[in-house]
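Residue numbers (UniProt numbering): 1 to 244.
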């Protein structure tokens with residue numbers, strides 16, 4: 001049962017699922033992210049999409065779950081599998097995208113696969129935003145990760161996969177977008193008793209060798225001992241007039 005379901009992008013009417021405000025930060029704003037409900041809520045972007053339990057005479061199996069989807073009969077590099085997320089993605093919130101992908105066919109062994117946002121503003125202006133990419137192969141599943149944040153209030157948002165040359169199928173096992181974990185605030189510097197401000201340079205006295213420092217240009221960097229033979233101009237000027 002290699003090909004379970006195939007849907008023509010031009011004839012496919014997405015089954016919409018009512019889903020209000022996303023209440024849990026761990027909940028994906030992608031509906032049917034593991035294709036447990038077939039291809040519902042997914043469609044082809046200029047191509048056909050299909051559902052499989054295996055491909056390549058049983059050599060390609062899902063990494064997780066029982067099925068995976070493919071974007072097939074692609075004639076342009078931007079063709080792929082897509083889902084509209086209008087109303088589920090919120091402005092000024094950081095999101096993390098994670099997808100498990102693979103490629104198949106057309107004698108292509110490796111290719112860049114990208115996750116892209118199509119954003120349409122209320123004034124109908126369009127924008128394409130790359131949110132993740134990975135070098136995929138025909139040998140194994142790979143994981144793609146990325147983050148994005150929308151500042152505006154778009155009237156339409158669609159996320160889709162694209163990238164490989166025409167004739168190469170994009171396979172996707174899972175596709176998840178959820179609220180990104182908040183980065184914990186860094187510890188503020190200890191400013192108590194700082195008469196001349198706070199030094200933000202790590203290893204400023206080179207007590208830890210050259211850690212934290214790197215050479216600029218075609219040169220090497222090392223730490224010496226003893227008094228410097230050449231006094232920096234500002235240090236020399238601070239000493240006042242003196243005889244050579």
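Here a beta-carbon is modelled for each residue, glycine too, at the ideal position from N, C-alpha and C.
Fair warning: this is a prediction, and the values are worked out from it, not measured in the lab.
Under 8 Å by Cβ, that's how I've got residue 121 and residue 166 pegged, so tell me the actual separation to the nearest angstrom. Actually they are not in contact, since the Cβ atoms of residue 121 and residue 166 sit about 30 Å apart, beyond 8 Å.
Skipping 5 residues on each side, what residues in its chain have a beta carbon closer than 6 Å to that of residue 106? Around residue 106: 167, 168.
Per DSSP, which one or two residues make a beta bridge with residue 180? For residue 180, which the question treats as bridged, DSSP gives no partner whatsoever.
Name the two residues that bound the continuous beta strand (DSSP E) containing residue 55. That residue, residue 55, is in no beta strand (DSSP E); it is neither H nor E in DSSP.
Check whether the Cβ atoms of residue 97 and residue 136 sit closer than 8 Å, and answer yes or no. no
With C-beta atoms as the reference, is residue 158 less than 8 Å away from residue 28? no
What's the call for residue 239, buried or exposed, on a 16-neighbour Cβ count within 10 Å? Counting Cβ neighbours within 10 Å, residue 239 comes out exposed, since fewer than 16 surround it.
Looking at residue 81 and residue 131, is the spacing between their C-beta atoms short of 8 Å? no
Where does residue 114 fall in DSSP's three states? strand
Report yes if the C-beta distance between residue 114 and residue 79 is below 8 Å; otherwise report no. no
Would you mind reading off the limits of the beta strand (DSSP E) that contains residue 67? From DSSP, residue 67 is part of no beta strand (DSSP E); its letter is neither H nor E.
Measure the alpha-carbon distance for residue 221 versus residue 236 and round it to whole angstroms. The straight-line gap from Cα to Cα measures roughly 23 Å.
Using the C-alpha atoms, what's the distance from residue 140 back to residue 88? 31 Å
Quick check: what's the CA-CA separation for residue 207 versus residue 76? Taking the straight line from one Cα to the other gives about 57 Å.
Under a Cβ-count criterion, where at least 16 other Cβ atoms within 10 Å of its own Cβ denotes burial, should residue 94 be classed as buried or exposed? Residue 94 should be labelled exposed.
What is the residue span of the beta strand (DSSP E) that residue 104 lies within? 94–104
If you measure between the beta carbons of residue 86 and residue 178, is that distance less than 8 Å? For the pair residue 86 and residue 178, the CB atoms are not nearer than the 8 Å cut-off.
Using only alpha-carbon positions, find the residue among 226, 41, 133 that is nearest to residue 145. 133
Compare the Cα-Cα distances from residue 40 to each of 91, 58, 83 and report the closest residue. 83
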